[in-house]
Amino acid sequence: MIKKEPMIQVCDLHKSFGDHSVLRGITTDIAQGEVVVVLGSSGSGKTTFLRCLNFLEEYERGEVIVDGNRMWYEDEACTTKRSIKKIAEDRASIGMVFQNFNLFPHLTVLENLMLAPLKVKGSSIDKVKLKDYSMDLLSSVGLEEKWNAQPGTLSGGQQQRVAIARALVMKPKIMLFDEVTSALDPELVGEVLTVMAKLAKDGMTMVVVTHEIHFALDVADRIIFMDSGCVAEEGPPREVLLKPKTERFQTFLKRFAEMQYL
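Counting from 1 along the sequence shown, just add 6 to a position and that's the residue number in this note's numbering.
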């Protein structure tokens with residue numbers, strides 16, 4: 007049997023801002039269909055790690071390989087960036103959802119979904135098929151009836167679900183989520199996590215930065231705990247959450263009331 011390559015391979019990733027080293031040699035593999043939750047305190051490097059995967063941050067050393075293809079740089083030394091066009095093509099395979107919804111307020115919900123494919127593929131795209139697919143995605147996140155609404159008329163949870171559908175419209179191989187529930191009122195968090203859990207069940211490869219411990223327990227295949235730009239602990243959710251090995255992780259977990267339910 008031929009062993010399949012991981013969907014994501016990260017090798018010795020380093021990133022600094024000035025003299026401050028934010029990522030210090032991150033190395034990890036993520037399998038196709040695996041859901042990895044990244045935990046860590048503010049400043050631990052987890053968001054920077056996510057942004058490097060999508061090349062929203064340029065790293066100084068290391069390698070990101072997606073589905074067997076080296077991303078972002080032409081050479082292993084990270085000295086020659088790929089062309090803007092090639093980076094855009096590569097980025098299309100990696101969907102990303104942020105803490106802030108970043109929806110265009112002057113466009114309808116449907117127009118927000120259709121904008122990126124129209125920009126990328128231009129006149130070659132079948133607009134009727136794109137509209138139908140966009141409507142299907144809105145239905146999958148429970149918002150089909152909001153297709154003609156302005157983003158400002160929606161709740162925070164609804165806007166975040168639109169943002170997820172917008173990322174999915176490009177048919178990405180991977181979805182990255184950067185603390186997508188942290189700006190929501192508590193009663194709206196569940197509706198967004200439900201959509202994410204469905205994506206995981208459907209086999210989407212996901213890397214999720216979050217503080218939602220219950221989501222990590224219920225949905226994640228693996229947890230990575232980052233501290234000071236390094237992977238301090240990783241493993242199956244119940245193993246690492248119930249029996250943290252390092253004092254640093256133990257201290258981190260004590261901050262969350264969710265631990266009383268473990």
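All residues carry an ideal CB built from backbone N, CA and C; glycine is no exception.
Per DSSP, the bridge partner or partners of residue i
{"i": "His-26", "result": "Phe-23"}
{"i": "Val-44", "result": "Val-215, Ile-230"}
{"i": "Cys-236", "result": "Asp-233"}
{"i": "Gln-15", "result": "Asp-35, Ile-71"}
{"i": "Lys-87", "result": "Tyr-79"}
{"i": "Phe-183", "result": "Val-103, Val-214"}
Residue from the options whose Cα sits closest to the Cα of residue i
{"i": "Leu-143", "options": "His-217, Ile-131, Ile-32, Glu-117", "result": "Glu-117"}
{"i": "Leu-259", "options": "Gln-164, Leu-160, Ser-47, Val-28", "result": "Ser-47"}
{"i": "Ala-37", "options": "Met-120, Val-126, Gly-101, Met-212", "result": "Met-212"}
{"i": "Gly-68", "options": "Gln-15, Val-43, Leu-45", "result": "Gln-15"}
{"i": "His-217", "options": "Val-175, Thr-34, Arg-261, Gln-156", "result": "Arg-261"}
{"i": "His-220", "options": "Met-232, Pro-243, Val-237, Gly-235", "result": "Pro-243"}
{"i": "Cys-84", "options": "Ala-98, Pro-178, Tyr-65, Phe-110", "result": "Tyr-65"}
{"i": "Lys-207", "options": "Gly-51, Ile-170, Gly-128, Glu-40", "result": "Glu-40"}
{"i": "Lys-91", "options": "Asp-81, Met-77, Asp-184", "result": "Met-77"}
Buried or exposed by the 16-neighbour rule on C-beta atoms within 10 Å, applied to residue i
{"i": "Ser-140", "result": "buried"}
{"i": "Gly-209", "result": "exposed"}
{"i": "Glu-197", "result": "buried"}
{"i": "Phe-55", "result": "buried"}
{"i": "Lys-125", "result": "exposed"}
{"i": "Ile-180", "result": "buried"}
{"i": "Ser-50", "result": "buried"}
{"i": "Leu-268", "result": "Bear in mind that the predicted position of Leu-268 carries a pLDDT of just 47, short of 50, making it unreliable; the figure below should be weighed with that in mind. It is exposed - the Cβ of Leu-268 has fewer than 16 other Cβ atoms within 10 Å."}
{"i": "Glu-95", "result": "exposed"}
{"i": "Phe-82", "result": "Before going further, note that residue 82 is Glu rather than Phe in the sequence given. Glu-82 should be labelled exposed."}
{"i": "Asp-138", "result": "exposed"}
Spatial distance of residue i from residue j (CA atoms)
{"i": "Phe-23", "j": "Lys-135", "result": "44 Å"}
{"i": "Ala-203", "j": "Pro-12", "result": "21 Å"}
{"i": "Arg-88", "j": "Ala-98", "result": "14 Å"}
{"i": "Arg-30", "j": "Lys-251", "result": "21 Å"}
{"i": "Lys-111", "j": "Gln-156", "result": "Lys is not the amino acid found at residue 111; the sequence shown has Pro there. Pro-111 and Gln-156: Cα-Cα distance of roughly 6 Å."}
{"i": "Leu-205", "j": "His-26", "result": "36 Å"}
{"i": "Lys-133", "j": "Val-237", "result": "44 Å"}
{"i": "Gly-241", "j": "Arg-228", "result": "5 Å"}
{"i": "Glu-80", "j": "Ile-93", "result": "11 Å"}
{"i": "Leu-121", "j": "Gln-256", "result": "44 Å"}
Worksheet item: Below 8 Å, can you find three or more Cβ-Cβ pairs linking the stretch 87 to 106 to the stretch 55 to 63?
Response: yes
Fill in: Sufficient close CB pairs (3 or more, under 8 Å) joining the stretch 239 to 256 to the stretch 65 to 83
no
Worksheet item: Taking contact to mean at least 3 C-beta pairs separated by less than 8 Å, is the stretch 152 to 168 in contact with the stretch 184 to 196?
Response: yes
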